[in-house]
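For the sequence shown, counting from 1, position 147 maps to 273 in the numbering used here; every step adds exactly one.
Below you'll find the structure, written out as structure tokens, and then a few comments.
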Amino acid sequence: MLDYLESNINTEREPKNLYEPIHYILNLGGKRLRPILTLLSCDLFGGDVNKALDASLAIEMFHNFSLIHDDIMDGAPLRRGKETVHQKWSVNAGILSGDAMLVLANQLLENYEGNLYKSLSTLFNKTALEVCEGQQYDFDFETRNDISVDEYI
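In structure tokens, the structure reads:
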């Protein structure tokens, strides 16, 4: 999977301050649980795992985009024991690199055709918006002491 990631996401291009942070965060490690679960689910339902690689990579790209932005919002100095993107470069570089990762994730889905692309894109964008909504709730809840269980869930 990492080889596929490296061969399909060209982070060795200009401007360096946009693409180097992308390369950096993608190589910080992590469990890669989301793409692995995507590939395992594909296999479980009899699909061709090779055809699911772009979708799994899109999910990983989106996940890391959300981590960059979350680190900025939280003012986190470290991610996986290393400097966060905004600490190593700048807040502006973190925002732009994160945004670029969202675009790259969507571009990976463009490798699918017709109804499959439409279904994947619809689900991806619905889920991405839900992640953003959840992040906003997280941010809002930081200043409240009266959060109910229903609100939290």
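Yeah, the Cβ is synthetic: ideal placement off N, Cα and C, and Gly gets one too.
Everything numeric in this text was worked out from a predicted model, so none of it was measured.
| Query | Result |
| --- | --- |
| Own chain residues within Cβ distance below 6 angstroms of residue 214, not counting five before or after | none |
| Nearest neighbour of residue 160, chosen from 145, 180, 278 and 268 [CA to CA] | 180 |
| Where the alpha helix (DSSP H) containing residue 265 begins and where it ends | 240-267 |
| Nearest to residue 237 (by Cα), restricted to the options 207, 222, 270 and 183 | 183 |
| Own chain partners of residue 234 with C-beta closer than 6 angstroms, once the 5 adjacent residues on each side are dropped | 180, 183 and 184 |
| Ranges of the alpha helix (DSSP H) found wholly within the stretch 173-223, counting only runs of at least 4 | 179-200 and 211-214 |
| Integer Cβ distance of residue 265 from residue 227, believed to fall under 8 angstroms | The pair is not a contact, with the Cβ atoms about 20 angstroms apart (cut-off 8 angstroms). |
| Reference residue 176, options 150, 207, 162 and 187, closest by Cα | 162 |
| Straight-line gap, residue 217 to residue 262 (C-alpha atoms, nearest Å) | 18 angstroms |
| Minimum C-alpha distance to residue 250 - residue among 240, 241, 231 and 259 | 231 |
| From 245, 267, 152 and 195, residue whose alpha carbon lies closest to that of residue 131 | 152 |
| DSSP state of residue 138 mapped onto helix, strand, coil | coil |
| Top-ranked residue by Cα proximity to residue 194, from 170, 141 and 224 | 224 |
| Contact check, residue 148 vs residue 164, beta carbons under 7 angstroms | no |
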